């Protein structure tokens, strides 16, 4: 399953138009998700590039989810949770902090650009901070551009359904090729006619 | 070396015939020249087949888990093996009273094919066993070295170079999971790569999937890694796996003063615990 919607993926791969990144944001149910809700209630504007994924706690975010997100076509991943000390489960975000600090370094060491993976603490009342964070992260990822080996990675996560879709697309392009061929012959004929 | 081997054979025979242990885990001659293979000796008369030379490349610690429940088992331990045993005790995989540790100071093992000292031994800073019940042979001096040298070099490279480097590493990975099998701290009964229904690990062999496995492996073992270097030694594709493990060890030590794993049986659990005064960088 790809988290990227197809039309968008095609748009970015072609390089047609401005690059619109896909950002996955893990939002803790008790703080950040409420913060995002409040931002919505207050009609705050923030880029639509971010997809919110609600998790019970930032401590629930397995680093594997982050690698998976990158493999499945996200250009950036944001993990948000309660401020340290405010965790609904007392200590979840303290564990998350240690884990993600180490993981961020490992990810960047293994070749990921700094900034693609970010972590922020946003409380339920910080709607403004949520908006500002999303705007800033989105700008960061736009500057970085699409993830380098996106095509290879997107291929890795392709499902059977995607493959069938791919076959259809290939059929479509084949017909367009034949259209080009027809045009070429038509041109050839025109040239011949010119002679 | 031959003194150690003679004493080892005598002691193994004594331990087995007295009934103190039911098995001795060590090494025996392999099929080829300059090759040894792990040995599991259960009869005193077989103790003569035990071998200790500069080609005993396998670490023994993981094998002690296989033999649990048989009774007390004697394990030959060098620095790397003993740290593995300690860490397994910390992780509640093994009890100290289940093993009798025959300590052997080590001067480094050699590659069978090239005759050169193994990389894991060149980077080793614990040649003497850190825990043992009896010591065979004279203690050796510990070498002075910076084991993070290669990691620091990689850190100094720019991001694109590092990305290319690790992509080339994961391009070669064949996901045989040998690194998992030999690792003394990879002790999960059910590994995420085997949980096919859950689908953690994809089946394709490509950089993305290999990296997914590789980074997860490092993250799972990084905070407990005893730096025996056995993953790197066992890798059939010669991937520099310790470069990743050591990065985790270095960072955890820098950030949370994690120290080195396996030096004692109490041990620390840097990623399984927290401190409210931890350094804050996310805000």
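Protein chains in written order, with our numbering: chain A, -9 to 185; chain B, 4 to 286.
Here a beta-carbon is modelled for each residue, glycine too, at the ideal position from N, C-alpha and C.
If you're wondering where the values come from, they're calculated on a predicted model, not measured in any experiment.
Would residue 287 of chain B be called buried (16 or more neighbouring beta carbons within 10 Å of its own) or exposed?
Nothing in the structure corresponds to residue 287 of chain B, since chain B is present only between 4 and 286.
Short of 7 Å in beta carbon distance, which residues of its chain neighbour residue 12 of chain B, apart from the five on each side in sequence? Order them along the chain.
Indexing the second chain from 1 puts residue 12 of chain B at position 9. Residues 50, 51, 53 of the same chain have their beta carbon placed closer than 7 Å to that of residue 12 of chain B, with the five preceding and five following residues left out of the count.
Do you know how far the Cα of residue 253 of chain B is from the Cα of residue 28 of chain A?
By one-based count along the first chain, residue 28 of chain A stands at place 38. By one-based count along the second chain, residue 253 of chain B stands at place 250. Going by C-alpha positions, residue 28 of chain A is about 41 Å away from residue 253 of chain B.
Between residue 43 of chain A and the rest of its own chain, which residues show a CB-CB distance below 8 Å, the 5 nearest in sequence each way excluded?
Translated into positions along the first chain, residue 43 of chain A becomes position 53. Leaving aside the five residues that flank residue 43 of chain A on each side, the residues in its chain whose CB is nearer than 8 Å to its CB run, in chain order, 14, 15, 16, 17.
Hey, would you say residue 189 of chain B sits closer than 7 Å to residue 224 of chain B, going by beta carbons?
Residue mapping note: residue 189 of chain B aligns to position 186 of the second chain, counting from 1. Residue mapping note: residue 224 of chain B aligns to position 221 of the second chain, counting from 1. For residue 189 of chain B and residue 224 of chain B, yes; Cβs fall inside 7 Å.
For the alpha helix (DSSP H) holding residue 224 of chain B, just list the boundary residues, first then last.
Here the question's residue 224 of chain B lines up with position 221 in the second chain. Element bounds for residue 224 of chain B: 210 to 224.
Can you pull the DSSP bridge partners for residue 18 of chain A?
For the purposes of this step, residue 18 of chain A is taken as residue 28 along the first chain, with counting starting at 1. The partner list for residue 18 of chain A (beta bridge, DSSP) reads A/45.
Skipping 5 residues on each side, what residues in its chain have a beta carbon closer than 7 Å to that of residue 90 of chain B?
In the second chain, residue 90 of chain B corresponds to position 87, counting from 1. Contacts found: 187, 188, 227, 229, 264, 265, 270.
Please go through the same chain and pick out, in chain order, the residues whose beta-carbon is closer than 6 Å to the beta-carbon of residue 110 of chain A, but skip the five residues on each side of it.
Stepping through the first chain from its first residue, residue 110 of chain A is reached at position 120. Excluding its 5 nearest sequence neighbours in each direction, residue 110 of chain A has C-beta neighbours in its own chain below 6 Å: 70, 123, listed in chain order.
CA-CA distance, residue 101 of chain B and residue 26 of chain B?
For the purposes of this step, residue 101 of chain B is taken as the residue at position 98 of the second chain. For the purposes of this step, residue 26 of chain B is taken as the residue at position 23 of the second chain. In this structure, the CA atom of residue 101 of chain B is about 11 Å from the CA atom of residue 26 of chain B.
Can you pull the chain A residues whose beta carbon is under 9 Å from the beta carbon of residue 268 of chain B, in chain order?
Position 265 of the second chain, counted from the start, is the residue given in the question as residue 268 of chain B. Among the residues of chain A, none has a CB under 9 Å from the CB of residue 268 of chain B; the nearest is roughly 23 Å distant.
Would you mind reading off the limits of the alpha helix (DSSP H) that contains residue 259 of chain B?
As a working note, residue 259 of chain B is residue 256 in the second chain. Here the alpha helix (DSSP H) through residue 259 of chain B covers 245 to 259.
Chain A partners of residue 283 of chain B, CB-CB under 8 Å?
Position 280 of the second chain holds residue 283 of chain B. By Cβ distance, chain A contributes 74, 87.
With DSSP as the reference, please indicate the residues paired to residue 70 of chain A in a beta bridge.
For the purposes of this step, residue 70 of chain A is identified with residue 80 of the first chain, where counting begins at 1. Looking at the DSSP output, residue 70 of chain A bridges to A/17, A/110.
Assuming residue 26 of chain A and residue 107 of chain A make a contact with CB atoms under 8 Å, what is their CB distance in whole Å?
Here residue 26 of chain A refers to the residue found at position 36 of the first chain. Here residue 107 of chain A refers to the residue found at position 117 of the first chain. Not a contact, Cβ separation roughly 19 Å.
By a C-beta neighbour count over all protein chains shown, 10 Å radius and 16 as the cutoff for buried, is residue 91 of chain A buried or exposed?
The residue you call residue 91 of chain A lines up with position 101 of the first chain. By the 10 Å Cβ count, residue 91 of chain A comes out buried.
What do you get for residue 7 of chain A, buried or exposed, if any count of 16 or more other CB atoms within 10 angstroms of its CB means buried?
Here residue 7 of chain A refers to the residue found at position 17 of the first chain. Counting Cβ neighbours within 10 Å, residue 7 of chain A comes out exposed, since fewer than 16 surround it.
Is it the case that the Cβ atoms of residue 261 of chain B and residue 92 of chain B are separated by a distance below 7 Å?
To locate residue 261 of chain B, count along the second chain from 1; it is residue 258. To locate residue 92 of chain B, count along the second chain from 1; it is residue 89. No, Cβ-Cβ distance for residue 261 of chain B and residue 92 of chain B is not below 7 Å.
I'd like to know if the region 57 to 73 of chain A and the region 206 to 219 of chain B are in contact, where contact means that at least 3 CB-CB pairs between them fall below 8 Å.
Using a Cβ-Cβ distance cut-off of 8 Å, the region 57 to 73 of chain A and the region 206 to 219 of chain B are in contact, since at least three pairs of beta carbons, one from each stretch, lie closer than that value.
Entirely enclosed alpha helix (DSSP H) segments - the region 36 to 123 of chain B, minimum 4 residues
For the region 36 to 123 of chain B, the continuous alpha helix (DSSP H) assignments of 4+ residues that do not extend past its boundaries occur at 66 to 69, 82 to 93, in sequence order.
On the DSSP letters alone, give me the boundaries of the beta strand (DSSP E) that residue 125 of chain A sits inside.
Start at 1 with the first residue of the first chain, and residue 125 of chain A comes out as number 135. Premise fails: residue 125 of chain A lies in the alpha helix (DSSP H), 117 to 134, not in any beta strand (DSSP E).
What does residue 169 of chain B touch in chain A if you count any residue whose Cβ is under 9 Å from its own?
Translated into the one-based positions of the second chain, residue 169 of chain B becomes position 166. Listed along the chain, the chain A residues whose CB falls inside 9 Å of the CB of residue 169 of chain B are 99, 100, 101.
Using a Cβ-Cβ cut-off of less than 9 Å, list which residues of the region 141 to 155 of chain B approach chain A; keep chain order.
Cβ contacts with chain A: 154.
Using a C-beta to C-beta distance shorter than 8 Å, which residues of chain A count as neighbours of residue 221 of chain B?
Stepping through the second chain from its first residue, residue 221 of chain B is reached at position 218. 96, listed in chain order.
Beta-carbon of residue 162 of chain B versus every beta-carbon of chain A: anything under 7 Å?
Residue numbering aside, residue 162 of chain B sits at position 159 when the second chain is read from its first letter. Cβ-Cβ to chain A under 7 Å: yes for residue 162 of chain B.
Need the endpoints of the alpha helix (DSSP H) that residue 17 of chain B sits in, please.
On the second chain, residue 17 of chain B is found 14 positions in, with the first residue counted as 1. Its alpha helix (DSSP H) spans residues 5 to 20.
Give me the chain A residues within the contact set of residue 188 of chain B, using Cβ-Cβ distance strictly less than 8 Å, ordered along the chain.
Locating residue 188 of chain B in the second chain gives position 185, where the first residue counts as 1. What residue 188 of chain B touches in chain A: nothing, since even the nearest Cβ is about 16 Å away.
Please check the pair residue 127 of chain A and residue 66 of chain A, which I expect to be a contact at CB under 8 Å, by giving their CB distance rounded to whole angstroms.
Your numbering for residue 127 of chain A matches position 137 in the first chain. Your numbering for residue 66 of chain A matches position 76 in the first chain. Separation of the CB atoms of residue 127 of chain A and residue 66 of chain A is rounded to 6 Å, and the pair is thereby assigned contact status at 8 Å.
CB contact below 7 Å: residue 199 of chain B versus chain A
Your numbering for residue 199 of chain B matches position 196 in the second chain. By this cut-off, residue 199 of chain B is not an interface position.
Determine, using beta carbons only, whether residue 56 of chain A comes closer than 7 Å to chain B.
Along the first chain, read from residue 1 onward, the residue named residue 56 of chain A stands at position 66. Residue 56 of chain A does not count as touching chain B.
Following the continuous beta strand (DSSP E) through residue 28 of chain B, name the residue where it begins and the one where it ends.
Reading the second chain from its first residue, position 25 is the one you call residue 28 of chain B. Unbroken beta strand (DSSP E) run through residue 28 of chain B: 26 to 32.
Near residue 154 of chain B, which residues of its chain fall below 7 Å by C-beta distance, leaving aside the five closest residues on each side in sequence?
As a first step, residue 154 of chain B must be located in the second chain, where it is residue number 151. In its chain, beyond the 5 residues on either side, 246, 249, 250, 253 have a beta carbon closer than 7 Å to the beta carbon of residue 154 of chain B.
Does any residue of chain A bring its CB to less than 7 Å from the CB of residue 218 of chain B?
Numbered from its first residue, the second chain carries residue 218 of chain B at position 215. Closer than 7 Å: yes.
Does the beta carbon of residue 255 of chain B sit closer than 7 Å to a beta carbon anywhere in chain A?
Against the second chain, residue 255 of chain B aligns to sequence position 252. Residue 255 of chain B counts as touching chain A.
For residue 96 of chain A, three-class secondary structure by DSSP
Stepping through the first chain from its first residue, residue 96 of chain A is reached at position 106. Of the three classes helix, strand and coil, the one that applies to residue 96 of chain A here is helix, per DSSP.
Within 10 angstroms of the Cβ of residue 235 of chain B, are there 16 or more other Cβ atoms? Answer buried if so, exposed if not.
Locating residue 235 of chain B in the second chain gives position 232, counting from the first residue. Looking at its Cβ environment, which holds 16 or more other Cβ atoms inside 10 Å, residue 235 of chain B is buried.
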